[in-house]
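The structure under discussion appears below in the form of structure tokens.
Residue numbers (the working numbering), protein chains in the order written: chain B, -16 to 302; chain P, -1 to 257.
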């Protein structure tokens, strides 16, 4: 039936997508000296994909997404230190604990307005930041958790100093979660999330259990954010209070705004642009790079992404 | 005239009261909706019609009183749980999913209705039962020609049709229509009136409407609500000839004249 084909088409992989991922996976070989930043971009992209699930697809605003990122980071680091150094098991542990935290925190975002949610999510991240600071016997406090040594990946691939293994590891995890998230957003479940985002009142009136849906997606997103945090701790061999800091939550939101919300590649594109720009600007002007990032954001939001990407429309007549 | 009088009561409100602070919006309303009914709820603006719908569907919780569906108490059930039991509403002001196309909207609603709303692995529309039902609904509501347009850009009449199609996609046994033709321009009215007239006979319908042509052509039973209380209930002839109704409602020329 025709409608069938049309609907299925939306979620199908385009030709350019596998090519894009192939290029991405070739990058650590093509540019070995940039493997570290490739690793960072993959981690931040994963974090942004996580936020997109709640912000872009479900319409839940959050200024505290670092809570889950940080939880994943500390759990992975502690797991390596106290339990076993296997990265994959540590990653799973980070995801699991962050998901549990997400499930608990989801109770705080079910009711209220966007403003309430911004404050509550911000508050939760601040609480966790302070806990990580205070529980210094466990977390190392302000000094961070030092001396995290990771075992070889899958028992075979050692993490090298140039970050190649790390980059491939992070990209693989990003790809796995990207594929899963993609499945999810084009499924009936994903459609009900978008319905809640578009019109919560009507979503309820057609029988969607709104609170249950919000809890589930918040838990899933928390798990994905936890994975990103775990990757950061594992590939850097370090976890510090920085992972809970407000700027993490703010940056990931900026990344989504740069790349576009409600579009999974938006998180990836935003992460690439943001990280490269940060890297480039801070090498040109180490002290004042945030000025330029700020200026870029203001211009981006005022002019609009569409127009910014189409310079030839800048001087045409206004429609 | 009254063919449903002997049918079983499907939806029932017993002594519903809703107070907002000092204002009593719904005052001791008792109402029975029978199987297959074409029941109209009329009354002047501010009579509490929409409040009553909100109470029945669970958007608001009554201060006092009980609501039963098929004899079971649903007074404290959440809105989505009432939908699952077969009671669905439309809204006076369109409540649509603006980023969806009509096709996507209906596919989403039908999937949810068929118990697939929690499935995250299969793409939307992978099931034949879903897409076939979508095709029929699009046809039935004259939406096939616009099924790929974003809901946001649809003409008002089409949006209104989609509003009702969404409710029908939930396969209601009890359907509450809140002013279905409100604001629809004359040129687009006919399609809408046809679809309302063609609602499945076994669905029990409670219609709230200002448009008296529609009310009298559609309803076989009518309840008149004034200031939150039931003034009277009867068949269309009784209502049309009731002097009290004329006094409070039909007598006001401006109420009946507006289309």
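Ideal Cβ positions, reconstructed from N, Cα and C, are used throughout, including at glycine.
Please report the distance separating the alpha-carbon of residue i from that of residue j.
i, j, result
"residue 245 of chain P", "residue 219 of chain P", "20 Å"
"residue 52 of chain B", "residue 61 of chain B", "14 Å"
"residue 7 of chain P", "residue 30 of chain P", "6 Å"
"residue 51 of chain P", "residue 38 of chain B", "32 Å"
"residue 115 of chain P", "residue 42 of chain B", "18 Å"
"residue 93 of chain B", "residue 143 of chain B", "44 Å"
"residue 149 of chain P", "residue 196 of chain P", "24 Å"
"residue 150 of chain B", "residue 65 of chain B", "25 Å"
"residue 237 of chain B", "residue 41 of chain P", "51 Å"
"residue 146 of chain B", "residue 118 of chain B", "31 Å"
"residue 302 of chain B", "residue 296 of chain B", "Caution applies to residue 302 of chain B, whose pLDDT of 47 falls short of 50 and renders its modelled position unreliable; the model cannot decide the point."
"residue 50 of chain B", "residue 250 of chain B", "18 Å"
"residue 81 of chain P", "residue 56 of chain P", "10 Å"
"residue 185 of chain P", "residue 46 of chain P", "30 Å"
"residue 267 of chain P", "residue 203 of chain P", "Coverage of chain P is limited to positions -1 through 257, which leaves residue 267 of chain P absent and any answer about it impossible."
What residues match up with residue i in a beta bridge as DSSP calls it?
i, result
"residue 11 of chain P", "P/29, P/65"
"residue 217 of chain P", "In the DSSP output, where bridge partners are listed per residue, residue 217 of chain P has none listed."
"residue 71 of chain P", "P/66"
"residue 177 of chain B", "Residue 177 of chain B is not bridged to any residue."
"residue 222 of chain B", "B/128"
"residue 300 of chain P", "Residue 300 of chain P cannot be examined here, being either before or after the span of chain P that is shown, -1 to 257."
Contact criterion: CB-CB distance below 8 Å. Does residue i meet it with respect to chain P?
i, result
"residue 188 of chain B", "yes"
"residue 181 of chain B", "yes"
"residue 172 of chain B", "yes"
"residue 178 of chain B", "yes"
"residue -6 of chain B", "yes"
"residue 160 of chain B", "no"
"residue 192 of chain B", "yes"
"residue 52 of chain B", "no"
"residue 167 of chain B", "yes"
"residue 214 of chain B", "no"
"residue 104 of chain B", "no"
"residue 96 of chain B", "no"
"residue -10 of chain B", "yes"
Hey, does residue i have any beta-carbon neighbour from chain B nearer than 8 Å?
i, result
"residue 8 of chain P", "no"
"residue 58 of chain P", "no"
"residue 37 of chain P", "no"
"residue 96 of chain P", "yes"
"residue 90 of chain P", "no"
"residue 78 of chain P", "yes"
"residue 164 of chain P", "yes"
"residue 220 of chain P", "no"
"residue 210 of chain P", "no"
"residue 121 of chain P", "yes"
"residue 194 of chain P", "no"
"residue 144 of chain P", "no"
"residue 109 of chain P", "yes"
"residue 81 of chain P", "yes"
"residue 105 of chain P", "yes"
"residue 49 of chain P", "no"
"residue 129 of chain P", "yes"
"residue 171 of chain P", "no"
"residue 242 of chain P", "no"
"residue 134 of chain P", "no"
Out of the options, state which residue places its alpha-carbon closest to the alpha-carbon of residue i.
i, options, result
"residue 192 of chain P", "P/112, P/173, P/215", "P/215"
"residue 171 of chain B", "P/125, P/84, P/76", "P/125"
"residue 34 of chain P", "P/115, P/170, P/43, P/118", "P/170"
"residue 157 of chain P", "P/89, P/14, P/64", "P/89"
"residue 102 of chain B", "B/83, B/47, B/131", "B/47"
"residue 75 of chain P", "P/92, P/54, P/93, P/19", "P/54"
"residue 114 of chain B", "B/71, B/224, B/100", "B/224"
"residue 219 of chain B", "B/169, B/253, B/127", "B/127"
"residue 70 of chain B", "B/95, B/259, B/56, B/81", "B/56"
"residue 239 of chain B", "B/27, B/12, B/-10, B/123", "B/27"
Just reading off the beta strand (DSSP E) that residue i is part of, what are its end residues?
i, result
"residue 227 of chain P", "227 to 232"
"residue 85 of chain P", "85 to 87"
"residue 156 of chain B", "It is not in any beta strand (DSSP E) - residue 156 of chain B instead sits in the alpha helix (DSSP H) that spans 147 to 168."
"residue 205 of chain P", "202 to 206"
"residue 65 of chain B", "Unbroken run through residue 65 of chain B: none, as it is neither H nor E."
"residue 172 of chain P", "172 to 176"
"residue 185 of chain B", "Residue 185 of chain B -> not in any beta strand (DSSP E); alpha helix (DSSP H) instead, spanning 183 to 188."
"residue 37 of chain P", "36 to 40"
Between which two residues does the alpha helix (DSSP H) carrying residue i extend?
i, result
"residue 262 of chain P", "In the structure as shown, chain P begins at -1 and stops at 257. Residue 262 of chain P is therefore absent and cannot be evaluated."
"residue 86 of chain B", "70 to 88"
"residue 259 of chain B", "247 to 267"
"residue 18 of chain B", "18 to 38"
Quick check: does the Cβ of residue i come within less than 7 Å of any heavy atom belonging to the ligand FAD?
i, result
"residue 6 of chain B", "No copy of the ligand FAD occurs in the structure displayed, which carries no ligand at all."
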